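Per the numbering used here, the very first residue in the sequence shown carries number 15; after that it's consecutive.
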Amino acid sequence: MAIKTVIASGKGGVGKSTITKSLGLQLSEKGASTLLIDCDAGLSSLDIMLGVSEKVNFTWGDVAEERCSTADALMKISDNLTLLPSPKRPLTKDFPDIIKNLTEKLQDDYDYIFIDAPAGIGRGLHRAAAGADKALVVATADEVSVTGAGTVQKVLRENGIRESRLLINRYDVRAAKKGLLLTVDEIIDKTLVQLIGIVPEDKNIMYSTVSEKRLKTRKSDSAFLRIAGRISGKYIPLELSQLK
Ligand SMILES: Nc1ncnc2c1ncn2[C@@H]1O[C@H](COP(=O)(O)OP(=O)(O)OP(=O)(O)O)[C@@H](O)[C@H]1O
Ligand SMILES: [Mg+2]
């Protein structure tokens, strides 16, 4: 049965979709059958980041409105990676249980299901979290993002998510050394969430999205590889000393 994880944040633009895509690529390349669900209704990202936006025929919005079957909406990206795209336009109705129903239906077909939530604590987060058992809470190392991550964590816990991990994204060691960013310890203290990993600031991530190609040399790849390893249950030390 799949491990179902929602990727959430308080503040927008902190890297949830990038992380969802990168973990999906890493785990599927290692042979794990992985489903990515884009939950950002009206603002889909994963189809664009994976270079398949022109090929999207149906989305989970069409499943909710009974225009197609679940199988019709699933897009095979590679041998082990599947995408369930998000509606391109805002939903006409709320459909609070659609992601829960879909993940319950699909959980036996995958090892991992990652649900890319919209930013914030609104209905979109509730819809996304209803399909998950666990959460990755994403923050960048600034006060607003970290405060938002703490708030999201509380909302997720109130919604029955028992296990959350914190992922710090876009960490710039040089800025941190100059005292321009919150330290890792400060971020953990403010969110009270256990850390799963730190992804460095890496401009190649953006080029990778723009070119729709996977750049294997980028420095964030090794961070995603380690985080994917931890998600799959391996013991991989955090190596925080490198950040000091
Ligand atoms: N580690 C990183 N280094 C540099 N740029 C990054 C990194 N992670 C993400 N980005 C860039 O940050 C921008 C926002 O990323 P992304 O769309 O994944 O965020 P998001 O949290 O999903 O946003 P939204 O809240 O709008 O859904 C993108 O341009 C992406 O390329
Ligand atoms: Mg996004």
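Positions of the beta carbon are idealized from the N, C-alpha and C atoms, including for glycine.
None of the values given here were measured: they were computed from a predicted structure.
Nearer than 7 Å: is that true of the beta carbon of residue i relative to any heavy atom of ligand 3?
| i | result |
| --- | --- |
| S31 | As presented, the structure is devoid of ligand 3, carrying ligand 1 and ligand 2 as its sole ligands. |
So what's residue i in DSSP terms, helix, strand or just coil?
| i | result |
| --- | --- |
| K89 | Just to set this straight, residue 89 is Met in the shown sequence, not Lys. Here M89 sits in strand by DSSP. |
| R244 | helix |
| A163 | helix |
| V158 | helix |
| K18 | strand |
| L139 | helix |
| V77 | helix |
| N115 | helix |
| N183 | strand |
| F238 | helix |
| E253 | coil |
| A149 | strand |
| E177 | strand |
| V213 | strand |
| L49 | strand |
| T197 | coil |
Is residue i a contact residue of ligand 2, with contact defined as CB to any heavy atom under 7 Å?
| i | result |
| --- | --- |
| S59 | yes |
| D130 | yes |
At a cut-off of 7 Å, would you count residue i as near ligand 1, judging by its Cβ distance to the nearest heavy atom?
| i | result |
| --- | --- |
| K217 | yes |
| A133 | yes |
| S100 | no |
| D54 | yes |
| P214 | yes |
| G65 | no |
| R184 | yes |
| G26 | yes |
| S234 | yes |
| S83 | no |
Just confirm the distance between the C-beta atoms of residue i and residue j, as a whole number of angstroms; I'd bet it's less than 8 Å.
| i | j | result |
| --- | --- | --- |
| T154 | R184 | 5 Å |
| T19 | K148 | 5 Å |
| I127 | A16 | 5 Å |
| I219 | V160 | Going by Cβ atoms, the distance from I219 to V160 rounds to 21 Å, so no, they are not a contact pair. |
| A55 | S100 | 6 Å |
| L60 | K35 | 6 Å |
| L105 | G136 | Rounded, the Cβ-Cβ distance is 12 Å, inconsistent with contact. |
Keeping to the same chain, check which residues put their C-beta closer than 6 Å to that of residue i; ignore five residues upstream and five downstream.
| i | result |
| --- | --- |
| I91 | L64 and L97 |
| A189 | L195 |
| L180 | V151, T205, V207 and L209 |
| E215 | R184 and D186 |
| E177 | K148 |
Excluding sequence positions up to five away, which residues of its chain have a Cβ less than 7 Å from the Cβ of residue i?
| i | result |
| --- | --- |
| R240 | G211 and I250 |
| S42 | T48, S92, N94 and L95 |
| L88 | T96 and L98 |
| T197 | A190 |
| Q40 | F238, L239 and A242 |
| Y117 | For the sequence presented, residue 117 should be read as Thr rather than Tyr. These residues qualify, in order along the chain: K18, I127 and G145. |
To which residues of the same chain is residue i closer than 8 Å at the C-beta, ignoring the five residues directly before and after it?
| i | result |
| --- | --- |
| S246 | L41, K44 and A46 |
| K121 | Just to set this straight, residue 121 is Gln in the shown sequence, not Lys. The answer, listed in chain order, is M15, A16, K18 and I127. |
Does the contact criterion of 3 or more C-beta pairs under 8 Å hold for the segment 47-55 versus the segment 157-173?
Contact annotation: the segment 47-55 does not touch the segment 157-173, with fewer than three C-beta pairs closer than 8 Å.
Would you call the segment 131-140 and the segment 19-34 in contact, with 3 or more CB pairs under 8 Å?
With contact defined as three or more Cβ pairs closer than 8 Å, the segment 131-140 and the segment 19-34 are in contact.
Determine, using beta-carbon pairs with one atom in the segment 141-153 and one in the segment 103-121, whether at least three such pairs fall under 8 Å.
For the pair of segments examined, the segment 141-153 was found to touch the segment 103-121: the number of CB pairs separated by less than 8 Å reaches three.
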